[in-house]
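> Before I ask anything, let me first share the structure, which is written out below as structure tokens.
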Amino acid sequence: MNISINDIKNGMTIIIDGKLYQIEDFQHVKPGKGSAFMRIKLRNLKTGALIEQTFNTNISVEKAHVDHLPMQYLYADGTNYVFMNTETYEQLEVPAETIGDKKNFLKEGMEVSIQMYNGSILGINLPDKVEYEIIETTDATKGNTTNNAQKDATIETGYKIRVPLFINQGEHVIVTTADGKYAGRA
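When we follow our numbering, the leftmost residue of the sequence shown carries the number 1261, and every step to the right adds one.
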């Protein structure tokens, strides 16, 4: 389905030169002289590369229909991660390289969304913030009274984050999955 370049939105998936891109950001530019154009930041959904392109406002692009399947993370079997479709109960194996760094935030039973296009898995979407248990943390340095002082901690998935000095082992914290940062106590 073709749409006008003026009708694009952030997060929309489009096809350019046979390649699948997701729109990260766009800007409609009206220079003092000449015609208006669109400056768009695109993420290649196959390689993950981020590019910036400009387009005339009178062109149209092909909109890609990407399915978002509700899935539940079950377990990892070494090279693959196994998910179950919450509607059909079918299991799906996703290769570790497709998941990338998001594997650091996967925990059993977590609800995720898997992006699929023409039967191919593009990637997974995690919840924005997730609760994790701190399984290990270092002791606070005595006398460290600086504002926003932090220490290293390991969450239940094995991923290391930085937390405030008052967080102890066994506590539950909220972590932002986009950047892996502490967001508060649970």
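Here a beta-carbon is modelled for each residue, glycine too, at the ideal position from N, C-alpha and C.
Leaving aside the five residues before and after proline 1387 along the sequence, list all residues of the same chain whose C-beta is less than 6 Å from its C-beta, in chain order.
For proline 1387, there are no CB contacts under 6 Å within the same chain when 5 residues up- and downstream are skipped.
> With threonine 1348 and isoleucine 1265 assumed to form a contact (beta carbons below 8 Å), what rounded beta-carbon distance in angstroms separates them?
About 37 Å; that fails the 8 Å criterion.
> Tell me the DSSP secondary structure of glutamate 1357 in three-state form.
helix
> Between methionine 1272 and the rest of its own chain, which residues show a CB-CB distance below 6 Å, the 5 nearest in sequence each way excluded?
Ile1283
> Using the Cα positions of aspartate 1439 and glycine 1418, report the straight-line distance between them to the nearest angstrom.
Cα to Cα, the separation comes out at about 16 Å.
> Just mark valine 1372 as buried or exposed, buried being the case when its beta carbon has 16 or more other beta carbons within 10 Å.
buried
> Below 6 Å CB to CB, which residues in the same chain sit around isoleucine 1275 once its five sequence neighbours on both sides are set aside?
Glu1322, Ala1324
> Are the CB atoms of lysine 1362 and isoleucine 1381 within a distance shorter than 7 Å?
no
> Can you name, in chain order, every residue of its own chain whose Cβ lies under 8 Å from the Cβ of phenylalanine 1286, other than the five neighbours on each side?
Ile1268, Asn1270, Met1298, Arg1299, Ile1300, Lys1301
> Is the separation between the beta-carbon of tyrosine 1335 and that of methionine 1370 shorter than 7 Å?
Taking 7 Å as the Cβ cut-off, tyrosine 1335 and methionine 1370 do not qualify as a contacting pair.
> Where does isoleucine 1384 fall in DSSP's three states?
strand
> Run through the DSSP bridge pairs and tell me what glycine 1444 is partnered with.
According to DSSP, glycine 1444 shares a beta bridge with Ile1434.
> Tell me the residue span of the beta strand (DSSP E) that contains phenylalanine 1426.
Run containing phenylalanine 1426: none; DSSP gives neither H nor E here.
> Which residues in the same chain have their Cβ closer than 7 Å to the Cβ of alanine 1443, if we skip the five residues on either side of it in sequence?
Lys1389, Ile1434, Val1435, Thr1436
> Please report how far the alpha carbon of alanine 1413 lies from the alpha carbon of glycine 1360, in whole angstroms.
21 Å
> Considering aspartate 1412, what are the terminal residues of the beta strand (DSSP E) in which it resides?
1410-1415
> Can you list, in chain order, the residues of its chain with a C-beta nearer than 8 Å to that of histidine 1432? Leave out the 5 residues immediately preceding and following it.
Glu1391, Tyr1392, Glu1393, Ile1394, Arg1445, Ala1446
> Whole angstroms are fine: how far does the CA of methionine 1331 sit from the CA of leucine 1310?
27 Å
> Applying the 10 Å Cβ sphere with the 16-neighbour rule, what's the burial state of threonine 1397?
buried
> Out of Asn1345, Tyr1341, Glu1353, Ile1427, which one is the CA nearest neighbour of phenylalanine 1365?
Tyr1341
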